[in-house]
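Take a look at the structure set out below.
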Amino acid sequence: MSQIVRGVIASKKGQPVEVTEVVIPDPGPGEVVVGVVACGVCHTDLTYRDGGINDDFPFLLGHEAAGTVETIGEGVTAVAPGDFVILNWRAVCGKCRACKRGRPQYCFDTFNANQPMTLTDGTPLTPALGIGAFAEKTLVHEGQCTKVDAGADPAVAGLLGCGVMAGIGAAINTGGVTRDDTVAVIGCGGVGDAAIAGARLVGARRIIAIDTDSTKLQWAREFGATHTINAREHDPVETIQELTDGFGADVVIDAVGRPETWKQAFYARDLAGTVVLVGVPTPEMRIDVPLIDFFSRGGSLKSSWYGDCLPERDFPTLIDLYLQGRLPLQQFVSERISLDDVEEAFHKMHGGQVLRSVVMLK
1 MSQIVRGVIA SKKGQPVEVT EVVIPDPGPG EVVVGVVACG VCHTDLTYRD
51 GGINDDFPFL LGHEAAGTVE TIGEGVTAVA PGDFVILNWR AVCGKCRACK
101 RGRPQYCFDT FNANQPMTLT DGTPLTPALG IGAFAEKTLV HEGQCTKVDA
151 GADPAVAGLL GCGVMAGIGA AINTGGVTRD DTVAVIGCGG VGDAAIAGAR
201 LVGARRIIAI DTDSTKLQWA REFGATHTIN AREHDPVETI QELTDGFGAD
251 VVIDAVGRPE TWKQAFYARD LAGTVVLVGV PTPEMRIDVP LIDFFSRGGS
301 LKSSWYGDCL PERDFPTLID LYLQGRLPLQ QFVSERISLD DVEEAFHKMH
351 GGQVLRSVVM LK
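So the sequence shown is numbered by full-length UniProt numbering: it starts at 1 and just counts up by one.
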């Protein structure tokens, strides 16, 4: 029997979100109903609200979530009722060309629930990133549930569902940062600070944080940055080179995603260094760089989508590291709020006042 719960929707482009009743159907084959305990407020949710993803309004927002499996549909084997899970938007298919080549982190056919969640009048909702977790309960595919240690704080654990995993993965999975590397991170919001935390975790020798906001640079130091550069006061490329014996960094991570920051990353890396783009650009953005500059430098130019993560591999490991005190995931939680506070949380995020506001539902 379907259930009616409270949830946060974006009904019109650019309009404030609203809390309303959402209908959650019983899980069908391969589907799971999860009681959401906590869900982070991510910039992607704001992008959905403002029509930057697509026009499939109304949206059921929220996707950085952790909760408890309540009911399962026919054929579900990955999880059982009572399991504590982090929700993810990379439920790999196991059958596409990437999966068959042993690269499931690049899966081209990830799963979502088949049945729609709706408003009480029957209007289907589009769940953000196939999850829709600004709600007391949500319906997802079983592959979107990753079981982790139930001892983790749900407000902390859920953040691995998107931004924090994107940053950590950009450093470790995509950038291949390892012991004794020099790393520069441009943009010190949640994703950038997660990249800094990831670089520190694997033993990077020097971690340089770049931003225009002194508060964010202080946050970066708390996550492990050894040096900071205020880009309003110093040229990032010149200063990174000065801090790396004139060579440039081994890995430069652009967590902003603008042409000017990507160019800074390109020219601030060592000759055989790696650039990782994890900040999300808009469709109209273009780059004009002399082709000879590509030719005359080795190394790699990479983009990182969801931190090139594999949830079933990465989430349990990172939660274990957090519980051991080796990964300070709790520092990302700036405040705990209710469903009614999501719109205000968007304003705080846009103003750079928080790393993450987290909606607590239980």
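A virtual CB, placed ideally from N, CA and C, is assigned to each residue, including glycine.
- With contacts defined by Cβ atoms closer than 8 Å, V85 and T146 form a contacting pair.
- With respect to the 8 Å criterion, G224 and R356 are not classified as neighbours on the basis of their beta carbons.
- In this chain, the alpha helix (DSSP H) harbouring D320 covers 311 to 323.
- DSSP places Q3 in the strand class (E or B) of the three-state scheme.
- For K348, the enclosing alpha helix (DSSP H) starts and ends at 342 to 350.
- Contact check for T126 against D56 passes: the beta carbons are separated by less than 8 Å.
- Assignment of N173 by DSSP, reduced to helix, strand and coil, places it in the helix class.
- Taken in chain order, the unbroken stretches of beta strand (DSSP E) that lie wholly in the segment 22 to 108 and span 3 residues or more are 31 to 40, 64 to 72, 84 to 87.
- In the same chain as V354, and ignoring 5 residues on each side of it, the C-beta atoms closer than 7 Å to its own belong to S334, E335, K348, in chain order.
- Within 10 angstroms of the beta-carbon of V289 lie fewer than 16 other beta-carbons, which makes it exposed.
- Under the DSSP definition of a beta bridge, V19 partners with V8.
- Here L277 is near W262, since their CB atoms are less than 8 Å apart.
- In this chain, S334 is not harboured by any alpha helix (DSSP H); it is covered by the beta strand (DSSP E) spanning 333 to 337.
- Proximity to A150 across T68, F247, F134 peaks at T68, based on C-alpha coordinates.
- Fewer than three beta-carbon pairs drawn from the segment 112 to 119 and the segment 162 to 174 are found closer than 8 Å, and the two stretches are therefore not classed as touching.
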